[in-house]
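Trainee: The structure that follows is given in the form of structure tokens.
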Amino acid sequence: MLGLAIHTCGPDLGLALSDFDGETRHQTWPLGRDLSTQLHGILMAFIAPYNWRDFSLLAVAVGPG
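In this note's numbering, the protein residues as written are 44 to 108.
Structure (structure tokens):
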């Protein structure tokens with residue numbers, strides 16, 4: 044099982060990935076207004092070497108803004 048968490052509620056992009064069996068990584072990027080233009084490229088680099096078919100779950104943080 045592989046999971047991905049995405050946080051875009053503020054000016055920072057936060058990503059976390061876990062296979063729930065040892066591999067866990069997380070990182071934040073202070074992107075400000077560039078978040079919408081940088082999201083896709085950063086996300087694809089972050090999930091490598093996995094692709095979308097590998098994920099069993101996706102968690103998305105929602106909030107004001």
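Where a beta carbon is used, it is the ideal one built from N, C-alpha and C, also for glycine.
For serine 79, name the three-state secondary structure that DSSP assigns.
Mentor: Correct three-state label for serine 79: helix.
Trainee: Kindly list the residues whose CB is nearer than 6 Å to the CB of leucine 101, restricted to its own chain and excluding five residues on each side of it in sequence; keep chain order.
Mentor: Excluding residues within five positions, the ones whose Cβ falls inside 6 Å are Leu47.
Trainee: Taking only the alpha-carbon atoms, compute the straight-line gap between cysteine 52 and isoleucine 90 and give it to the nearest angstrom.
Mentor: Spanning the two alpha carbons is a distance of roughly 20 Å.
Trainee: Would the beta-carbon of leucine 56 fall within 8 Å of that of leucine 74?
Mentor: Yes, Cβ-Cβ distance for leucine 56 and leucine 74 is below 8 Å.
Trainee: Roughly how many angstroms separate the alpha carbons of aspartate 97 and arginine 76, rounded to a whole number?
Mentor: So the alpha carbons of these two residues sit roughly 30 Å apart.
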